[in-house]
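Quick note: the sequence shown uses this note's numbering, first residue 4, plus one each step. From the three backbone atoms N, C-alpha and C, an ideal C-beta is built for every residue, glycine too.
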Amino acid sequence: MPDVITRPDGMPPTNGYSHVAIAHGDTVFISGQVPVDADGEVVSADPSAQVEQVFTNLRTALAAAGLDFSHVVKLTYYLVDLADLAVVREVRDRFIDAERPPASSLIQVAGLVSPAFRVEIDAVASRG
4 MPDVITRPDG MPPTNGYSHV AIAHGDTVFI SGQVPVDADG EVVSADPSAQ VEQVFTNLRT
64 ALAAAGLDFS HVVKLTYYLV DLADLAVVRE VRDRFIDAER PPASSLIQVA GLVSPAFRVE
124 IDAVASRG
């Protein structure tokens, strides 16, 4: 059975999921993070602010598992508007090593769980 960290300190509230699941072995799964702060509030309608909050949430979730962005092997991006992709890349490059980027997938979606969300990103990391 995997270890789960439902709500690490500094993460938004959850509703039926854990932010972090640590599989037996070296694989850690980070749930899709959205632009919500630790108080459960959407940070802004601004794409840059939303992406910044999502990566901040990912960093917090990784830290709860004893990891950082250097351990991330895969990111999956869900964007409502592909026009936000340049902003996503710019913010992402402040958090990851652009010389050693993780594998990634990008999916354009019609909408996310809240109409206020422009982006959601999940991660897979390795302790190895």
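Measure the beta-carbon distance from F120 to P38 and round it to whole angstroms, keeping in mind my assumption that it falls under 8 Å.
Residue numbering aside, residue 120 sits at position 117 when the sequence shown is read from its first letter. Residue numbering aside, residue 38 sits at position 35 when the sequence shown is read from its first letter. Right, their Cβ atoms sit about 6 Å apart.
Span of the alpha helix (DSSP H) holding F98?
Residue numbering aside, residue 98 sits at position 95 when the sequence shown is read from its first letter. Its alpha helix (DSSP H) spans residues L88 to F98.
L82 beta carbon less than 7 Å from that of Q111
Counted from its first residue, the sequence shown places residue 111 at position 108. Counted from its first residue, the sequence shown places residue 82 at position 79. Taking 7 Å as the Cβ cut-off, Q111 and L82 qualify as a contacting pair.
Return the first residue and the last residue of the beta strand (DSSP E) that V127 is part of.
Position 124 of the sequence shown, counting from 1, holds the residue named residue 127. Note, V127: beta strand (DSSP E), V122 to S129.
Buried or exposed: where does E102 fall if 16 or more other Cβ atoms within 10 Å of its Cβ makes it buried?
To locate residue 102, count along the sequence shown from 1; it is residue 99. Exposed: under 16 other Cβ atoms inside 10 Å.
Cutoff 6 Å; reference G13; Cβ partners in own chain excluding five residues on either side
By one-based count along the sequence shown, residue 13 stands at place 10. Excluding sequence neighbours, G13 sits near A41 and T63.
Close-in-space but distant-in-sequence residues of the same chain around Q56 (CB under 6 Å, 5 per side omitted):
For the purposes of this step, residue 56 is identified with residue 53 of the sequence shown, where counting begins at 1. For Q56, where only same-chain residues beyond five positions count, the Cβ hits under 6 Å are P38 and V46.
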